[in-house]
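Here the structure is laid out as structure tokens; the discussion comes afterwards.
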Amino acid sequence: MSGSQVWDDVDFYFSSHLTPDDDVLQAALRDSEAAGLPHISVTATQGKFLQLLAEIQAARNILEIGTLGGYSTIWLGRALPADGRLISLEYDARHADVATRNIARAGLDRIVEVRVGPALESLPKLADENPAPFDLVFIDADKSNNPHYVEWALRLTRAGSLIVVDNVVRGGRVVDADSADPDIVGIRAAIELIAAHPRLTGTAVQTVGSKGYDGFALVRVLG
Ligand code: SAH
Ligand code: DHB
Ligand code: MG
Numbered sequence: 451m452s453g454s455q456v457w458d459d460v461d462f463y464f465s466s467h468l469t470p471d472d473d474v475l476q477a478a479l480r481d482s483e484a485a486g487l488p489h490i491s492v493t494a495t496q497g498k499f500l501q502l503l504a505e506i507q508a509a510r511n512i513l514e515i516g517t518l519g520g521y522s523t524i525w526l527g528r529a530l531p532a533d534g535r536l537i538s539l540e541y542d543a544r545h546a547d548v549a550t551r552n553i554a555r556a557g558l559d560r561i562v563e564v565r566v567g568p569a570l571e572s573l574p575k576l577a578d579e580n581p582a583p584f585d586l587v588f589i590d591a592d593k594s595n596n597p598h599y600v601e602w603a604l605r606l607t608r609a610g611s612l613i614v615v616d617n618v619v620r621g622g623r624v625v626d627a628d629s630a631d632p633d634i635v636g637i638r639a640a641i642e643l644i645a646a647h648p649r650l651t652g653t654a655v656q657t658v659g660s661k662g663y664d665g666f667a668l669v670r671v672l673g
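Numbered per this note's numbering, the sequence shown spans residues 451 to 673.
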């Protein structure tokens with residue numbers, strides 16, 4: 451078996467046992483596809499991973515940067531208590547519309563709020579509202595802005611909060627120090643910012659699966 455075939459098969463094996471078919475999540479993917487959204491949401495095994503992280507965190511408030519069709523949003527929202535809150539920031543109004551419908555079908559519309567606009571405009575507005583600190587921040591938007599998103603996450607969290615950054619490996623391209631790709635430059639700058647920051651400690655985990663070879667950075671906010 452080639453690398454990607456065995457990665458697909460193993461992802462299917464784990465997801466069929468551990469994250470079995472779920473009408474609401476299937477419908478979210480189906481409607482995202484029908485609306486022409488790109489196929490870049492997290493996989494089911496990764497979505498469950500995010501849900502578990504939020505549960506381990508006993509999260510009550512979650513911030514997501516990059517909603518797309520709301521697939522990861524639904525996984526994260528399911529970790530929250532009925533009075534929890536998830537704010538998800540999305541640049542593209544069309545993506546936000548699809549997400550809003552998917553989130554409502556998941557019964558999460560009282561918990562989840564999708565805010566449309568460039569995240570670097572939404573984040574200062576959000577900060578002005580003095581929200582309760584977010585227990586978990588999931589960064590999954592335009593990778594070139596990752597250092598800014600990590601800085602904002604730090605401002606909007608508390609000691610003990612968890613920051614998760616998606617797509618930090620990009621098929622291995624993260625190690626290309628000479629890359630001119632703004633996404634790679636942004637991913638590397640965020641990793642270096644996390645490494646150097648006195649209030650952040652973290653690691654990165656490489657992943658393979660049906661969406662290829664990528665990874666997550668997991669970062670804890672210190673006091
Ligand atoms: N978290 C989703 C996938 C997000 S894909 C999931 O796993 O299901 C990245 C999303 O970030 C896209 O919908 C894209 O429109 C959005 N995005 C890109 N640039 C952005 C920006 N500057 N501000 C907010 N969202 C942005
Ligand atoms: C891309 C973005 C993502 O957030 C992701 O998980 C996979 C791919 C992309 O822009 O290619
Ligand atoms: Mg992603």
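Here a beta-carbon is modelled for each residue, glycine too, at the ideal position from N, C-alpha and C.
In this structure, His598 has its beta carbon at no less than 6 Å from each heavy atom of the ligand SAH. In the pairwise beta carbon analysis, the region 475-482 is classified as not touching the region 627-644: fewer than three pairs are separated by under 8 Å. In this structure, the CA atom of Gly527 is about 13 Å from the CA atom of Asp585. Beta-carbon to beta-carbon, Ile512 and Ala591 are separated by about 15 Å, too far to satisfy the 8 Å threshold. For Gly610, the enclosing beta strand (DSSP E) stretches over residues 607-616. Between Tyr541 and Ala569, the alpha-carbon positions lie close to 7 Å from each other.
In the assembly as shown, Lys593 is a buried residue. Its beta-carbon has 16 or more other beta-carbons within 10 Å.
Only exposed fits Val456, as fewer than 16 other CB atoms lie within 10 angstroms of its CB. Positions of the beta strand (DSSP E) runs, each at least 3 residues long and wholly inside the region 563-646, are given as 584-589, 607-616 in order along the chain. Minimum Cα-Cα distance from Leu606 among the listed residues Asp628, Val460, Asn595, Leu576 corresponds to Leu576. By the neighbour-count criterion, in which 16 or more other beta carbons inside 10 Å mark a residue as buried, Asn596 falls on the buried side. In this structure, Ala546 lies away from Gly519, with their beta-carbon atoms at least 7 Å apart. For Gln656, the beta-bridge partners assigned by DSSP are Gly665. In the three-state DSSP reduction, Val474 falls in the helix class (H, G or I).
Cβ atoms of Asn617 and Asp664 come within 8 Å of each other, at about 5 Å.
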